[in-house]
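Undergrad: Dropping the structure in here first, questions after.
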Amino acid sequence: MTHQNDIGIRAVPTIQQSGEINDLLLTMRALQSVFWTGRSTRSVESGGTISHNDIVEAERRFERFAPLLQQLFPVLAESNGKMESNLVHLPRMQQQLGMQSSSGALFLKADHALPIAGSIKARGGFHEVLDYVESCAMQFGLMPNGDYTALATPASREALSKHELVVGSTGNLGLAIGLMGAKLGLRVVVHMSADAKAWKKNKLRENGVCVIEHEGDYGAAVAAGRRESMQKPFSHFVDDEKSSSLFVGYAAAARHLSEQLTDAGRVVDKNNPLFVYIPCGVGGAPGGIATGLHHIYGEHVHCFFAEPIQSPCFLLQMLFESGEFTGYGSNPSVYDLGLNNLTQADGLAVPRASLLAAREVRHFIGGVYTVPDGELFRLLYELFVSEGIRIEPSAAAGLAGPGQLLNSAAGQRYLQRHDLAHLVHQSTHIAWSTGGLHVPDLDYSEFLSQGEAMTRKIE
Ligand SMILES: *Cc1c(COP(=O)(O)O)cnc(C)c1O
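So for the sequence shown, this note's numbering puts the first residue at 2; every next one is plus one.
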């Protein structure tokens, strides 16, 4: 690939870093997958500003809204308004991945099946909508006697329709904010980046959401949304790069997961480590979940973030935070490295990390690895063939985690450094599947055939 300034293409920067990091950056630039494990002290105390209380508040907010959501969404009737996903044991996929039972047990946290949004954004995105609606309702006295179901009445919807939510998105966040916001009666404007899938835009428009399409990337869509919202009263901008409300919505996943692990007979303690692999865009979803899990399990949980090889923004941010990637400002982008941010994993196609997420997790995150798109399709295909589970490409990134940790040199070094190698046989591995429920059949069969082609390439 040639890069020339004079025709408007970014020049490939020269990298001047120390030996080991230089090799890592060169490997990233050569579009090979990498696994970085950092040198974190793995202490949640030295982390950021999100407290245990903030997370408990988010859990309670979901509970307060459950009776209303049960009324508004028929799919939530059976769960009494609770929006949660299953923890699924994956014995056949484990075998398919060539992962021995002596390496622990593999599970899937099935957020691809979260109701309504069909992705992990049902956690953060829904939380922020509910948070905002709650504050409007309090301010305007819409819930006499604290009855949240009063928000389903025409009078309340009329009052809420004066309020607007604005968000920039590659697809799934817009879908979550749009579907929940519109259902509660708010006006919602979603600024979509070029990589957003057509069916996501259509679904929003069918639900009365205003979708504005942008030629540019995710960062550009967010900037446009922020600008528009700032100029209006009664307009709330959902800021994926800075929002602590989104963050604690994700973090609230941890409590329920810990109950599911107990129910499944999985112990997490000093002798039984938990490894969690979470697909990462700006870092809010994996950052929130990692923070929630660390509040519960401390150093016994090891969270790894997964990014596409063209969009390793969180990895770059972690390198910056540890003083190892300098010269591109305090919030480097994947373009700075000469990458193009083009990936079929639309949920992860993000050029710059969230600073909020980065600062919260930098002291305890286990590491970050990158995955080529072809590998995402192969994993998506193998999950379907072995377990009959349908996910979208972004969601497959977590499934590459066990192989990275158990089979790579960097993974082996991590296990040794933290004295885990002799405990792996009694460990639990969770791949977080972050989206897929609403993918149309036609799109999904296209994903499957790409994945199948990848398996033939390998053999
Ligand atoms: C948004 C998203 C992620 C990552 O969340 P971030 O908060 O952007 O890090 C992962 N997978 C899917 C399918 C998503 O939609």
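For each residue, glycine too, the CB sits at the ideal point set by N, CA and C.
(1) In this structure, how does DSSP classify residue 442 when only helix, strand and coil are distinguished?
(2) Specify whether the segment 337–355 and the segment 306–314 touch according to this definition: at least 3 beta carbon pairs, one from each stretch, less than 8 angstroms apart.
(3) Tell me, to the nearest whole angstrom, how far the beta carbon of residue 39 is from that of residue 430; I am working on the premise that it is less than 8 angstroms.
(4) Work out the CA separation of residue 258 and residue 300 for me, nearest whole Å.
(5) Looking only at C-alpha atoms, which of 286, 32 and 446 sits nearest to residue 243?
(6) Please classify residue 141: is it buried, with 16 or more other beta-carbons within 10 angstroms of its beta-carbon, or exposed?
(7) Is it true that the CB of residue 452 sits closer than 8 angstroms to the CB of residue 365?
(8) Which of the three DSSP states is assigned to residue 451 in this structure?
(9) Determine, using beta carbons only, whether residue 250 and residue 128 come nearer to each other than 8 angstroms.
(10) Can you give me the Cβ contacts of residue 399 inside the same chain, cut-off strictly under 7 angstroms, excluding the 5 residues immediately before and after it?
(11) Would you kindly report the start and end of the unbroken alpha helix (DSSP H) that includes residue 315?
(12) Buried or exposed for residue 143, please, with buried defined as at least 16 other CB atoms from any protein chain shown within 10 angstroms of its CB.
(13) Where does the unbroken beta strand (DSSP E) through residue 280 begin, and where does it stop?
(14) Give the straight-line distance between the Cα atoms of residue 21 and residue 421, rounded to the nearest whole angstrom.
(15) Give me the Cα-Cα distance between residue 73 and residue 247, rounded to the nearest whole angstrom.
(16) Taking a contact to mean a Cβ-Cβ separation below 8 angstroms, would you say residue 51 touches residue 253 in this structure?
(17) Cβ-heavy atom distance between residue 441 and ligand 1 below 7 angstroms?
(18) To the nearest angstrom, how far is the alpha carbon of residue 304 from that of residue 288?
(19) Hey, would you say the C-beta of residue 393 is under 7 angstroms away from at least one heavy atom of ligand 1?
TA: Walking through what the data contain:
(1) Within the sequence shown, the letter at position 441 stands for residue 442. Three-state result, residue 442: helix.
(2) yes
(3) Within the sequence shown, numbered from 1, the residue matching residue 39 stands at position 38. Within the sequence shown, numbered from 1, the residue matching residue 430 stands at position 429. Residue 39 to residue 430, Cβ: 19 angstroms. No contact.
(4) Sequence index remark: in the sequence shown, residue 300 carries index 299 (1-based). Sequence index remark: in the sequence shown, residue 258 carries index 257 (1-based). One C-alpha to the other measures close to 17 angstroms.
(5) Against the sequence shown, residue 243 aligns to sequence position 242. The shortest C-alpha separation from residue 243 is found at 286.
(6) If you number the sequence shown from 1, residue 141 lands on position 140. Residue 141 comes out exposed.
(7) Here residue 365 refers to the residue found at position 364 when the sequence shown is read from its first residue. Here residue 452 refers to the residue found at position 451 when the sequence shown is read from its first residue. Contact flag unset, no.
(8) Position 450 of the sequence shown holds residue 451. In the structure shown, residue 451 sits in a helix (DSSP, three-state: H, G or I).
(9) As a working mapping, residue 250 is identified with position 249 in the sequence shown. As a working mapping, residue 128 is identified with position 127 in the sequence shown. A contact, by the Cβ cut-off of 8 angstroms.
(10) Indexing the sequence shown from 1 puts residue 399 at position 398. The answer, listed in chain order, is 278, 279, 280, 307, 432, 433 and 434.
(11) As a first step, residue 315 is located in the sequence shown; it is residue number 314 there, counting from the start. Per DSSP, residue 315 belongs to the alpha helix (DSSP H) from 314–322.
(12) For this step, residue 143 is matched to residue 142 along the sequence shown. Residue 143 should be labelled buried.
(13) Numbered from its first residue, the sequence shown carries residue 280 at position 279. 275–280 is the span of the beta strand (DSSP E), which, as asked, contains residue 280.
(14) For this step, residue 21 is matched to residue 20 along the sequence shown. For this step, residue 421 is matched to residue 420 along the sequence shown. Cα to Cα, residue 21 sits roughly 24 angstroms from residue 421.
(15) In the sequence shown, counting from the first residue as 1, residue 73 sits at position 72. In the sequence shown, counting from the first residue as 1, residue 247 sits at position 246. Those two C-alpha atoms are separated by around 22 angstroms.
(16) Counted from its first residue, the sequence shown places residue 51 at position 50. Counted from its first residue, the sequence shown places residue 253 at position 252. No; because the gap between Cβ atoms is not below 8 angstroms, this pair is not in contact.
(17) As a first step, residue 441 must be located in the sequence shown, where it is residue number 440. The answer is no for residue 441.
(18) Locating residue 304 in the sequence shown gives position 303, counting from the first residue. Locating residue 288 in the sequence shown gives position 287, counting from the first residue. Those two C-alpha atoms are separated by around 9 angstroms.
(19) Residue 393 sits at position 392 when you count from the first residue of the sequence shown. Answer for residue 393: yes, Cβ within range of ligand 1.
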